[in-house]
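S.K.:
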Amino acid sequence: MSLQNIAIVTDTHTALNGLITALTLQDKLASLDCALSVYIEQAPESKSEYKNQHYWYLVEQDLIRIFKTLGLSEDALVKHCDGNIHFGEMHKTVQADKVNLTQKFNSRAPLGVSISGVEFHHLLVQSQQKEQTIDESLVSYSLVGQLYAQNRFMPPSHDKRSIASSVEYGIVVNAKKLQEQLTYLCDKLGISTHQSTDLKLIKQSEVTPTYSEQALGKVNFIALGSDGSAEHFPVDFVFDTRFNMADSTKDKLSQLTWTGEIECKIKGQESDGCQHDIIKLNNGLAQLIQVNKQLTIELTLRGTEQKIKDASLAEINTYLANTYSLNTESMRWQSTTKTQNMQCERLWSTNTIDLASVTATLNYLPMRRTAISDIIDLWLQFYPAKFEEASETYPILSATFNQLALKYQRNLGDFESLLLLPHAENTSKGDGEYSKCYSPSLLARINLFEHTGTDYLTEQDCIAPHAWRNLALAMSYWPKNYDPVTNNIPNVPNIISNMVQQIKAASKQAPSLSQFLSSVAKAS
148 MSLQNIAIVT
158 DTHTALNGLI
168 TALTLQDKLA
178 SLDCALSVYI
188 EQAPESKSEY
198 KNQHYWYLVE
208 QDLIRIFKTL
218 GLSEDALVKH
228 CDGNIHFGEM
238 HKTVQADKVN
248 LTQKFNSRAP
258 LGVSISGVEF
268 HHLLVQSQQK
278 EQTIDESLVS
288 YSLVGQLYAQ
298 NRFMPPSHDK
308 RSIASSVEYG
318 IVVNAKKLQE
328 QLTYLCDKLG
338 ISTHQSTDLK
348 LIKQSEVTPT
358 YSEQALGKVN
368 FIALGSDGSA
378 EHFPVDFVFD
388 TRFNMADSTK
398 DKLSQLTWTG
408 EIECKIKGQE
418 SDGCQHDIIK
428 LNNGLAQLIQ
438 VNKQLTIELT
448 LRGTEQKIKD
458 ASLAEINTYL
468 ANTYSLNTES
478 MRWQSTTKTQ
488 NMQCERLWST
498 NTIDLASVTA
508 TLNYLPMRRT
518 AISDIIDLWL
528 QFYPAKFEEA
538 SETYPILSAT
548 FNQLALKYQR
558 NLGDFESLLL
568 LPHAENTSKG
578 DGEYSKCYSP
588 SLLARINLFE
598 HTGTDYLTEQ
608 DCIAPHAWRN
618 LALAMSYWPK
628 NYDPVTNNIP
638 NVPNIISNMV
648 QQIKAASKQA
658 PSLSQFLSSV
668 AKAS
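Using my numbering, the first residue of the sequence shown is number 148, and each one after it goes up by one.
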């Protein structure tokens, strides 16, 4: 099956993510003859008091490149979307000994340049350990920090020997105005956009039975339209960016996308184990894991109106020719709290990728790439141009993708935890409840950095190594040991002072923000 038709399904709350997904695919699949369609489902209005307020979106550097390629420059983002250049300066307030302390750091760019293979943070550590005072905040050591302070801009350089290679920036824009610009851009590029008050995406399982992983490869269909009058469209792949935006706990539980295992009893029937059984379920997707006297089924439920109960058992009320129909009335769940906090364990299932779990990440996280772009890049590594029906390769590729995508999510979560949750050692004694939220991988990362000053290497880490180091230093995690070469470098404070002066001099030579934007506008 070749990639000929891709649908991006979103709703009125997440339309911006859907449009970004469509434009990212347009850029990355430019060499393929592939039709893209965006379907915007009307979502219930938010009851929040902030629903009428504008919110801001951070357009990362990789998205800026894609937008420029497709015809939307930095000047247009600033001019039409109330944009401002953002260099990633962050303020972190932590409580230490019952006193609120504000720390500044910049995670977008290295704090300095390497000196004969010695990382700049090792020089800082050496100064710290010798009790030599450095009277400037961490952010002042980076070039982007100086550019920010002087309201100047220096275009990034691909030459690693240039000081401008450390420039990382984004543009903060009005999300509503950005969505309007992206809608216009999609229309100009021939990406069809469908929006209606009665539009509904009907999952494949609601139209035809959901096939197990062993029976993939068939042409899938999604049905779009109002209930009872749905039109059917052949779709090779679907990207779903919708996630629950309900206000009440009841609504959150009823609209939540949940993935987990559930045991199912076959009423009056036993099965001897078949590899190609079909699960028919009206309220979501179901993947058969094992068939014995009891079934273990992995479910993804969206929009179910069933009540959440305190068990984990469901009955199968019909059984015919390896096709099971679940009685959703009898479906019972483990616990309300666990269900509400359940994380998706599979992004790629059948012909659908659920982007909601990665796009729900706080968009102000200071990183160098956008999660949507990263996930699409990862998917393109595994999605073959063609595959045979019921190919054994397809489920292996999707399973590998899911493993790496989950590692990607965990790295994002670790960075978010380190940024937002102070560790017990950095707070007053007895305030250790936050550190319990740290994952084992984050604790291992902190421990390695504190003892050796080296980086914790893991797969699918979209956060640059220097960003981890900068944040760790800003959170007062100073390594106990460091590069031994720094022991042979005399007058470290003087070296640091000279480096700061060089960075300041370089920033003063850069054009102002207005001059840079004017030059971009003329070039456009």
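Quick reminder that beta carbons are idealized off the backbone N, C-alpha and C, glycines included.
Given the structure is predicted, the values throughout are model-derived calculations rather than measurements.
Quickly, what does DSSP pair His341 with across the bridge? List them, please.
M.R.: Tyr186
S.K.: For Ile155, count neighbouring Cβ atoms within 10 angstroms of its own Cβ and tell me buried if that reaches 16, exposed if not.
M.R.: buried
S.K.: Spatial neighbours of Asp229 within its chain, please: C-beta separation below 7 Å, excluding the five flanking residues on both sides.
M.R.: Val320, Asn321 and Lys324
S.K.: If contact is defined by three or more beta carbon pairs under 8 Å, each pair taking one atom from either stretch, is the segment 161-180 in contact with the segment 205-218?
M.R.: yes
S.K.: Quick check: the Cα distance between Ile500 and Tyr603, rounded to an integer number of angstroms?
M.R.: Ile500 and Tyr603: Cα-Cα distance of roughly 29 Å.
S.K.: Short of 8 Å in beta carbon distance, which residues of its chain neighbour Leu290, apart from the five on each side in sequence? Order them along the chain.
M.R.: Ala256, Met301, Ile310, Ala311, Ser313, Val314, Ile650, Ala653 and Ser654
S.K.: Determine the burial state of Thr599: buried for a count of at least 16 other Cβ atoms within 10 Å of its Cβ, exposed for fewer.
M.R.: When all chains shown are included, Thr599 counts as exposed.
S.K.: Mind checking who Thr157 pairs with in its DSSP beta bridge?
M.R.: The beta-bridge partner set that DSSP reports for Thr157 consists of Ile187.
S.K.: Just tell me which of Ala223, Ala182, Thr388 and Phe386 has its CA closest to the CA of Ala670.
M.R.: Of the candidates Ala223, Ala182, Thr388 and Phe386, the residue whose Cα lies closest to the Cα of Ala670 is Ala223.
S.K.: If the criterion is Cβ atoms closer than 9 Å, does the pair Gly317 and Ile213 meet it?
M.R.: no
S.K.: My output table needs one value for Gly317: the three-state DSSP class, helix, strand or coil.
M.R.: If DSSP states are grouped into helix, strand and coil, Gly317 belongs with the strands.
S.K.: Could you check whether Ile153 and Val382 sit closer than 9 Å to each other, using their CB atoms as the reference points?
M.R.: A distance below 9 Å separates the beta carbons of Val382 and Ile153.
S.K.: On the criterion of 16 or more Cβ atoms from any shown chain inside 10 Å, does Ser665 qualify as buried, or is it exposed?
M.R.: exposed
S.K.: Roughly how many whole angstroms lie between the Cα atoms of Ile642 and Glu597?
M.R.: 24 Å
S.K.: Hey, out of Arg308, Gln528 and Tyr555, whose CA is closest to Ile543's CA?
M.R.: Gln528
S.K.: Does the Cβ-Cβ distance between Ser545 and Ser504 come in under 9 Å?
M.R.: no
S.K.: Between the alpha carbons of Thr330 and Asn231, how many angstroms are there, rounded?
M.R.: 21 Å
S.K.: Would His269 and Thr633 qualify as a contact pair, given that the criterion is a beta-carbon distance under 9 Å?
M.R.: Yes; because the gap between Cβ atoms is below 9 Å, this pair is in contact.
S.K.: CA-CA distance, Ala151 and Leu179?
M.R.: For clarity, residue 151 is Gln in the given sequence; the question names Ala instead. Each residue's alpha carbon lies about 8 Å from the other.
S.K.: Would you kindly work out how many angstroms separate the C-alpha atoms of Glu266 and Gln607, rounded to a whole number?
M.R.: 23 Å
S.K.: Tell me the residue span of the alpha helix (DSSP H) that contains Phe596.
M.R.: First-last of the alpha helix (DSSP H) with Phe596: Pro587 to Thr599.
S.K.: Could you check whether Pro658 and Arg308 sit closer than 9 Å to each other, using their CB atoms as the reference points?
M.R.: no
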